[in-house]
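Below: one structure, written as structure tokens.
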Amino acid sequence: MTTRLFVTALLFAGVAACTETAPVDEFATEETGEIDESKADLGGTYTFFEIKRDYRRCVSPLCGGYWVSRVNRTTTKCADGSYQPSCYMAEVRWDRLGLGAPAMDELQAAIDGSSVLVRGTVGKKDFGGQFGQLGEFRPTEAWIGQGPNPPAGPFAMVEESGVRCITTPCNFWREKKLNASTTASLAELGWESSGADDERVGRAISEIFERNLIIAGDRYTVRGPGGTGKARTVSQFYVRARDKKACFVGGCSGQLCSDRPGAISTCEYRPEYACYQDAVCEEQIGGECGWTETDALAACLADPSAP
């Protein structure tokens with residue numbers, strides 16, 4: 000935990016500070032050759048698509064479905080075998096994600112109002128009669144955009160590298176280009192382009208430590224005492240959709256947050272317990288139940304007597 004806090008502090012501080020402009024971005028070049036769709040069942044970075052709802056007004060199932068387009072690729076192979084900028088899917092097999100109702104509601108809302116990536120394969124479904132066979136998307140993963148800005152730049156999966164340094168720049172991260180085999184080490188992530196507040200950025204950094212993160216952004220270079228390092232702006236970042244465990248408020252003064260309903264405690268009152276009345280008890284990044292940290296909660300706990 001100490002190491003993680005130290006790394007996070009460095010990332011917020013931007014200690015690798017001096018930047019250079021317009022470096023070569025190896026992720027910006029589209030790879031040649033087609034992707035084997037069987038790789039959708041592997042734990043890599045292939046078969047990722049951006050998905051958008053179809054708002055055209057015509058008879059269903061010819062309209063009202065979804066459009067999918069491969070990220071980091073200029074064309075997508077559609078159900079009829081042709082390659083197009085994007086492909087119409089009359090149906091998406093959302094049940095294949097195995098998500099509960101709350102997580103599915105969050106995902107559908109994000110498709111309408113944010114940016115969503117899905118991993119899976121394009122197939123066909125026979126709708127019968129005059130419609131015949133139309134596109135059907137079969138997802139295995141869904142990733143929800145967390146920032147207010149649209150994605151710009153190549154998409155990449157970011158994971159912790161395990162590298163620790165005594166100087167900067169330091170390659171804290173490893174990035175893997177989606178729908179490609181290209182990888183690179185990263186010394187810095189430029190969160191300013193995302194438009195997200197510090198709280199969301201902090202949760203995103205924690206997500207990298209726990210489960211990985213998908214980002215979209217452009218290459219830049221950082222310079223420090225240790226030389227130069229690769230970095231990437233973050234125009235948008237994505238967290239994988241998943242079910243969250245139920246968490247419950249308990250304790251004699253409502254000060255406990257746990258996965259056990261009706262948790263009890265000794266009935267002693269402390270002024271800081273009042274701070275939890277307006278706090279959120281929910282699953283945290285590590286999977287445990289807890290009070291979500293906010294500036295307001297931190298300020299209250301630091302001085303419970305303040306008005």
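Each residue of the sequence shown is one higher than the one before, counting from 0 in numbering that gives the first Met the number 0.
Yeah, the Cβ is synthetic: ideal placement off N, Cα and C, and Gly gets one too.
| Check | Outcome |
| --- | --- |
| Member of Asn178, Glu198 and Ile207 whose CA lies at the smallest distance from the CA of Thr44 | Asn178 |
| For Arg92 and Glu29, the rounded distance between their alpha carbons | 29 Å |
| With 16 other Cβ atoms within 10 Å as the buried cut-off, status of Arg118 | buried |
| Per-residue burial, Tyr65 [other beta carbons within 10 Å of its own, 16 or more giving buried] | buried |
| For Tyr272, the three-state DSSP class (helix, strand or coil) | helix |
| Nearest-angstrom Cα separation, counted from Leu98 out to Cys62 | 25 Å |
| The segment 105–113 touching the segment 122–131, judged by at least three CB pairs closer than 8 Å | no |
| Residue environment, Glu49, which counts as buried when at least 16 other CB atoms sit within 10 Å | buried |
| Cβ-Cβ distance between Phe208 and Leu185 below 9 Å | no |
| With 16 other Cβ atoms within 10 Å as the buried cut-off, status of Val200 | buried |
| CB of Arg163 within 9 Å of CB of Ile284, strictly | no |
| Proximity of Ala155 and Gly189 at Cβ, strictly below 9 Å | no |
| Which of helix, strand or coil DSSP assigns to Ala262 | coil |
| Beta-bridge partners of Lys123, as assigned by DSSP | Gly134 |
| Three CB pairs or more closer than 8 Å across the segment 272–281 and the segment 214–232 | no |
| Lys176 burial status per 10 Å Cβ neighbour count (16 or more: buried) | buried |
| Buried/exposed call for Ile213, threshold 16 Cβ in 10 Å | buried |
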